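K.L.:
Numbering (the numbering used here), first residue to last: 22 to 443.
Now the structure itself:
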């Protein structure tokens, strides 16, 4: 049994948002913390994600906020109750940065970028006493010790192996997307060998492949579809409708509106081999109004000119109608009107994991007691390596923060339990 006077030594493996938050919370709780990361610096994915605007959380009502985690809402809710959207803003303010709420309800630092936030945060974590070990890639365990591949020392021909024997471990190794930034899922076989129950990693917040014709792809790739709605089916085969925008890519579709529906679409493709969504190209118009405008005489004008004149449909929207409809359907006013309000689009497959924003899968909730691995007492997990997913909009980052704090608090409580005589 440890003495209460012995420093509680914890290794945090992974320097993303969940790992940094766990390390800081542990150090503030009196632990001696060593943070290990395979990259040359921490927060690589965090920095890239915030390059065009660092969305830290969302300002919608909390009862609505917690529903964004789908099947994992019940498991995540205690963590989010302890550190939710308002706590995220307080945390950023404590680092000396201000925040504001955008028109969509997303919350950003005033400077918009991730770099100033990360710099201030890393400084605070170092000030708390956390020791950083960069370019240390975790390899698993050997005789109870953590194994790391560490940087080559002066004169050494190959990378050296470093062993560490902390009292507890927090794993915050991310999912499987953006491997070049450190989240490569290489921890999956290591934990599987340890007997941890895992779900396969799967793409989340992802684009999808569509079998565009060469003509359409070459002409419209990169074009945004503004003010459209997507109709799709959920897991219970009930139709759901979302309005927003997305982008046509060289081989498919991507963007915020597609990402918001990606989980059920991905699951349908896995079960059926493909799935269909329907596009409403004029979501602010009724079907009757569209049909009425199309039925008006067009005189000598072409049908394309008529579409643009009466409905404002041109460019990529007009191209989609020609791409997805036969010549006969396009030329029939009634069928064309129906297609404008409900144009079917077949999605072939999600984009590869390494291209997507986040991943589902990982350590299953039933493999955990709190955040501790049942198969490895004293080992806690946090962040995206747990099997949950959420849409973009600050939900992912908030849950990473919250689970990092939960893992740290669970580790501190576990230490107290091991000190208490039975």
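All C-beta atoms in this analysis are idealised placements derived from N, C-alpha and C, irrespective of residue type, glycine included.
Model, not experiment: these values are computed from the prediction.
Rounded C-beta distance between residue 259 and residue 304? I'm assuming under 8 Å.
P.N.:
Not confirmed; about 19 Å, so no contact.
K.L.:
Pull the bridge partners of residue 49 from the DSSP assignment, please.
P.N.:
BP columns for residue 49 are empty, so no partner.
K.L.:
Rounded to whole angstroms, what's the CA-CA distance from residue 261 to residue 166? Just pull it up for me.
P.N.:
Whole-angstrom Cα-Cα distance: 50 Å.
K.L.:
Starting from residue 104, follow the beta strand (DSSP E) in both directions and report where the run begins and ends.
P.N.:
Careful: residue 104 lies outside any beta strand (DSSP E) and carries neither H nor E.
K.L.:
Looking at residue 271: is its Cβ nearer than 8 Å to the Cβ of residue 242?
P.N.:
Their beta carbons are under 8 Å apart, which means residue 271 touches residue 242 by this criterion.
K.L.:
Give me the Cα-Cα distance between residue 324 and residue 352, rounded to the nearest whole angstrom.
P.N.:
Using only the alpha carbons, I get a separation of about 8 Å.
K.L.:
What is the rounded straight-line gap between the Cα of residue 289 and the Cα of residue 256?
P.N.:
Near 8 Å, if we compare the C-alpha coordinates of residue 256 and residue 289.
K.L.:
Which residues in the same chain have their Cβ closer than 7 Å to the Cβ of residue 113, if we skip the five residues on either side of it in sequence?
P.N.:
77, 120, 130, 138.
K.L.:
Following the continuous beta strand (DSSP E) through residue 153, name the residue where it begins and the one where it ends.
P.N.:
Residues 152-155.
K.L.:
Looking only at its own chain, which residues have a Cβ that is under 8 Å from the Cβ of residue 388, when we skip the five neighbours before and after it?
P.N.:
These residues qualify, in order along the chain: 217, 218, 219, 394, 395, 396.
K.L.:
In whole angstroms, what is the alpha-carbon distance linking residue 16 and residue 405?
P.N.:
Because the chain here runs from 22 to 443, residue 16 falls outside it and cannot be looked at.
K.L.:
Return the chain-ordered ranges of every beta strand (DSSP E) run that is complete within the stretch 120-150 and spans a minimum of 3 residues.
P.N.:
Listed in chain order, they are 120-122, 127-130.
K.L.:
Per the DSSP calculation, residue 161 is bridged to which residue(s)?
P.N.:
Its beta-bridge partners are 168.
K.L.:
For residue 371, which residues does DSSP report across the bridge?
P.N.:
Paired residues: 229.
K.L.:
For the stretch 56-84, list the alpha helix (DSSP H) runs that are entirely contained and at least 4 residues long, ordered along the chain.
P.N.:
Fully enclosed alpha helix (DSSP H) runs of 4 or longer: 65-70.
K.L.:
Is residue 21 helix, strand or coil when you go by DSSP?
P.N.:
Lying before the first or after the last residue shown, residue 21 is absent from the chain, which here runs from 22 to 443.
K.L.:
Hey, could you find the ends of the alpha helix (DSSP H) residue 401 is sitting in?
P.N.:
Counting along the chain, residue 401 falls outside any alpha helix (DSSP H), though it belongs to the beta strand (DSSP E) covering 400-402.
K.L.:
On a CA-only basis, which of 69, 182, 430, 198 is nearest residue 225? Give me that one, please.
P.N.:
For the residues 69, 182, 430, 198, the minimum Cα distance to residue 225 belongs to 198.
K.L.:
Using a Cβ distance threshold of 8 Å, determine whether the stretch 93-111 contacts the stretch 424-441, with at least three qualifying pairs required.
P.N.:
Yes, the stretch 93-111 touches the stretch 424-441.
K.L.:
Are there three or more Cβ pairs, one per stretch, closer than 8 Å when the stretch 193-208 is compared with the stretch 61-73?
P.N.:
Touching, yes.
K.L.:
Going by other Cβ atoms of all chains shown within 10 Å of its Cβ, with 16 needed for buried, is residue 327 buried or exposed?
P.N.:
Buried.
K.L.:
Could you please give the first and the last residue of the uninterrupted alpha helix (DSSP H) stretch that includes residue 285?
P.N.:
Element bounds for residue 285: 283-293.
K.L.:
With a threshold of 7 Å on Cβ separation, who are the neighbours of residue 428 within its own chain once the five nearest residues in sequence on each side are excluded?
P.N.:
Once the five neighbours on either side are set aside, the close Cβ partners of residue 428 are 43, 191, 392, 401, 402, 403.
K.L.:
Check whether the stretch 223-237 touches the stretch 277-286, taking contact to mean three or more Cβ pairs, one atom from each stretch, closer than 8 Å.
P.N.:
As far as the Cβ criterion goes, the stretch 223-237 touches the stretch 277-286, which means the pair count is three or higher.
K.L.:
Does the Cβ of residue 247 have 16 or more other Cβ atoms within 10 Å, making it buried, or fewer, making it exposed?
P.N.:
Residue 247 is exposed by the Cβ-count criterion.
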